[in-house]
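Take a look at the structure set out below.
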Amino acid sequence: LEVINKDKNGKFDSFCIVETAGGVASPGPSGTLQCDLYRPFRFPGVLVGDGRLGGISGTISAYESLKLRGYDIVAVVFEDHGLVNEVLLLLYLRN
2 LEVINKDKNG KFDSFCIVET AGGVASPGPS GTLQCDLYRP FRFPGVLVGD
52 GRLGGISGTI SAYESLKLRG YDIVAVVFED HGLVNEVLLL LYLRN
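Under this note's numbering, think of the first position of the sequence shown as 2, with each following residue one higher.
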């Protein structure tokens, strides 16, 4: 979070962390997709990606779902499982 704050030149004085379960397109309690449910709040997003086998596809799909809905994704983080997924993700996400 410290890195995110520095990247935004101190724009954010505080953080609100909303942890969801099941992925960005999983339904919330009302049946509305979580990516649509939280959109009115205009929270910047920190996407927690999947570093396991198949994780590149899941991470890119979640990222694109959020970007298409107008979210500002300020960081993508994931646990490295030795597959070097970050190399391909960096190439894709920087474009």
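Where a beta carbon is used, it is the ideal one built from N, C-alpha and C, also for glycine.
Pair within 8 Å by beta-carbon distance, residue i and residue j
{"i": "residue 57", "j": "residue 94", "result": "no"}
{"i": "residue 36", "j": "residue 62", "result": "no"}
Residue i - containing alpha helix (DSSP H), residue span
{"i": "residue 59", "result": "56-69"}
{"i": "residue 37", "result": "35-38"}
Per DSSP, the bridge partner or partners of residue i
{"i": "residue 88", "result": "Bridge partners of residue 88: none, in fact."}
{"i": "residue 28", "result": "34"}
Limits of the beta strand (DSSP E) - the one that residue i falls within
{"i": "residue 48", "result": "46-49"}
{"i": "residue 75", "result": "74-78"}
Backbone CA spacing between residue i and residue j [nearest angstrom]
{"i": "residue 51", "j": "residue 60", "result": "6 Å"}
{"i": "residue 29", "j": "residue 87", "result": "29 Å"}
{"i": "residue 42", "j": "residue 85", "result": "34 Å"}
{"i": "residue 24", "j": "residue 81", "result": "19 Å"}
{"i": "residue 26", "j": "residue 64", "result": "11 Å"}
Please confirm if the segment 65-85 is in contact with the segment 37-53, defined as three or more CB-CB distances below 8 Å between the two stretches. Yes, the segment 65-85 is in contact with the segment 37-53.
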